[in-house]
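K.L.:
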Amino acid sequence: MSTYLIPIQVAMIVFPFIAFCLTLPYVIHQYHKYGSIPILRTLIIFSFIYYLINAYFMTILPLPSVEEVSKMTSPTMSLVPFTALKDIVSSSPFIYNDPSTYLPALTQPMMRVTLFNILLTLPFGIYLRYYFQYSFKKTVLFTFLLSLSFELIQLSALFGYYPRPYRLFEVDDLITNTLGGILGYAICPLFARVLPTREKLDVIAYEKGQKVSKPRKFFAFLIDFILMITCLLLFKFFHVSYHISYFIVAIILYIILPFIHHGQTIGKFLTKIALESQDKTKKYQYLIHYIPLYLLIFPTPYYIYQLLQLTSKVNPILCYMSIILLIIIFFLTICQYILSFFSSSQMWFDYFSHLHHISLTKAKM
Numbered sequence: 041m042s043t044y045l046i047p048i049q050v051a052m053i054v055f056p057f058i059a060f061c062l063t064l065p066y067v068i069h070q071y072h073k074y075g076s077i078p079i080l081r082t083l084i085i086f087s088f089i090y091y092l093i094n095a096y097f098m099t100i101l102p103l104p105s106v107e108e109v110s111k112m113t114s115p116t117m118s119l120v121p122f123t124a125l126k127d128i129v130s131s132s133p134f135i136y137n138d139p140s141t142y143l144p145a146l147t148q149p150m151m152r153v154t155l156f157n158i159l160l161t162l163p164f165g166i167y168l169r170y171y172f173q174y175s176f177k178k179t180v181l182f183t184f185l186l187s188l189s190f191e192l193i194q195l196s197a198l199f200g201y202y203p204r205p206y207r208l209f210e211v212d213d214l215i216t217n218t219l220g221g222i223l224g225y226a227i228c229p230l231f232a233r234v235l236p237t238r239e240k241l242d243v244i245a246y247e248k249g250q251k252v253s254k255p256r257k258f259f260a261f262l263i264d265f266i267l268m269i270t271c272l273l274l275f276k277f278f279h280v281s282y283h284i285s286y287f288i289v290a291i292i293l294y295i296i297l298p299f300i301h302h303g304q305t306i307g308k309f310l311t312k313i314a315l316e317s318q319d320k321t322k323k324y325q326y327l328i329h330y331i332p333l334y335l336l337i338f339p340t341p342y343y344i345y346q347l348l349q350l351t352s353k354v355n356p357i358l359c360y361m362s363i364i365l366l367i368i369i370f371f372l373t374i375c376q377y378i379l380s381f382f383s384s385s386q387m388w389f390d391y392f393s394h395l396h397h398i399s400l401t402k403a404k405m
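As structure tokens, this is what we get:
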């Protein structure tokens, strides 16, 4: 039993890192498609990846030493089908009319290995039928291919790391693993009774995507912000001054692109949200929405710095009053912008642009 517990313990440590890397592109795709992150769907994918990690670890671990493997002389393949079944029958203490033999028969080593091979791929059959909606033939095929991948990894001596295979390539494993997938396919309706159907998951995701949630607006802003920082770092690499590079990037990302793409920044495009007015939207409304924030408010520190440089050349009182006014406007706008992620209030310049956010996610018919 400890042979199987070690892979599970290792998988519990490694899983969060591998799962994050593998599911992040999926989550991004789902967010772009539905305009929301379907929690249950994401949990299903997480659990599927977790299961696969455990399955592969169980067929690979524990790893022996190279010296130990180099001394092995046992066969590397067993190509005669049902050899394990014959061994179980010949060595089993099972007597059908003696209940006291049932438990010893189930716990003998060969029977445990066979049951383990069946249980190993049983969840795979459930996932394929429930979530991926595979037919019976496809489930059998892909379960067989999964089992074959287990055996080929073992036969390859862990991709050549060892001088020879340290585990036996068995046809019986292919048979019992495939049987496990078939059983998983058969019992899947029992789980489907308590879980929503795949179609229901799609409908829920699309319904959530009809609303422009606060996190959705924040993710759009975050994508644009990360993109802007990346562009500024690239300009810095080419020794372009910060204030020049900022205005170039801001004009491209927040003026030109929204002007030619119906008011969408790259972040809004990826999260499928857009700006719209009650009447037919005019392009100048996009300028009223973006210019105050990205060309007037965000560059305020630069404007203050320039005003400080002018105090020796023009009326200093006028400069300091302008600086105080800029600071007040800057902090009030930034506070309002942050609060807009947590409330339905509009930015002050949107009262002039008459724009509001809409979702471009279409409901599934």
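For the sequence shown, our numbering gives the first residue as 41, with consecutive numbering after it.
Ideal Cβ positions, reconstructed from N, Cα and C, are used throughout, including at glycine.
1. Hey, which unbroken runs of the alpha helix (DSSP H) at 4 residues or more fall wholly within the stretch 179-224?
2. Glu191: which of Ser175, Thr179, Leu208 sits nearest, CA to CA?
3. Could you round the C-beta distance between Val252 and Ser399 to whole angstroms and report it? I think they count as a contact, below 8 Å.
4. Name the DSSP bridge partner or partners of Glu316?
5. With DSSP as the reference, please indicate the residues paired to Ser118 in a beta bridge.
6. Grab the span of the alpha helix (DSSP H) containing Val153 for me, first residue to last.
7. So is Thr113 buried or exposed if we call it buried at 16+ other beta carbons inside 10 Å?
8. Output the boundary residues of the alpha helix (DSSP H) element that contains Val106.
9. My output table needs one value for Ser362: the three-state DSSP class, helix, strand or coil.
10. Tell me which same chain residues have a C-beta within less than 7 Å of the C-beta of Ile328, skipping the five on either side of it?
11. For Leu62 and Thr82, I'd like the C-alpha separation in whole angstroms.
12. Is the Cβ-Cβ distance between Phe261 and Thr218 less than 7 Å?
13. Can you find a heavy atom of the ligand ATP that lies under 6 Å from the Cβ of Arg169?
14. Sort Leu195, Lys248, Ser105 by Cα distance to Thr116 and report the nearest one.
15. Start and end of the alpha helix (DSSP H) containing Asp93?
16. For Met405, count neighbouring Cβ atoms within 10 angstroms of its own Cβ and tell me buried if that reaches 16, exposed if not.
17. From which residue to which residue does the alpha helix (DSSP H) around Lys251 run?
18. When we look at the beta-carbon of Val289 and count the other beta-carbons within 10 Å, is it buried (16 or more) or exposed?
19. By DSSP, does Ser175 sit in helix, in strand, or in coil?
20. Could you tell me the distance, in whole angstroms, from the CA atom of Thr321 to the CA atom of Tyr330?
21. Identify whether Met405 lies in helix, strand or coil by the three-state DSSP scheme.
22. For Thr340, report the span of its alpha helix (DSSP H) as first-last.
23. Between the C-alpha atoms of Ala226 and Thr401, what's the straight-line distance to the nearest angstrom?
24. Assuming the contact rule is C-beta atoms closer than 8 Å, Tyr246 and Val109 should be a hit. Round their C-beta distance to whole Å, please.
25. Taking 7 Å as the limit between beta carbons, can you name the residues of its chain near Gln304, skipping five residues before and five after?
26. In terms of alpha-carbon separation, which member of Ile222, Met150, Ala232 lies closest to Lys126?
P.N.:
According to the structure shown:
1. 197-200
2. Leu208
3. Contact holds; Cβ gap of about 5 Å.
4. In DSSP, Glu316 forms a bridge with His396.
5. Glu210
6. Taken as a continuous stretch (DSSP letters only), the alpha helix (DSSP H) holding Val153 covers 149-170.
7. exposed
8. 106-110
9. helix
10. Phe389, Phe392, Ser393
11. 12 Å
12. no
13. What this structure holds is no ligand at all, so the ligand ATP is not there to describe.
14. Leu195
15. Looking at the sequence itself, residue 93 is Ile, so the reference to Asp does not match. Taken as a continuous stretch (DSSP letters only), the alpha helix (DSSP H) holding Ile93 covers 79-100.
16. Note that Met405 scores a pLDDT of 47, beneath 50, so its modelled location is shaky; the value from the coordinates is reported in the next line. Met405 should be labelled exposed.
17. Careful: Lys251 lies outside any alpha helix (DSSP H) and carries neither H nor E.
18. The residue is buried, with at least 16 neighbouring Cβ atoms inside 10 Å.
19. Secondary structure at Ser175: coil, using DSSP grouped into helix, strand and coil.
20. 15 Å
21. Since pLDDT at Met405 reaches only 47, below the 50 mark, its modelled position is unreliable, and no value is offered.
22. 340-350
23. Distance between the alpha carbons of Ala226 and Thr401: 36 Å.
24. Going by Cβ atoms, the distance from Tyr246 to Val109 rounds to 53 Å, so no, they are not a contact pair.
25. Pro298, Ala314
26. Met150
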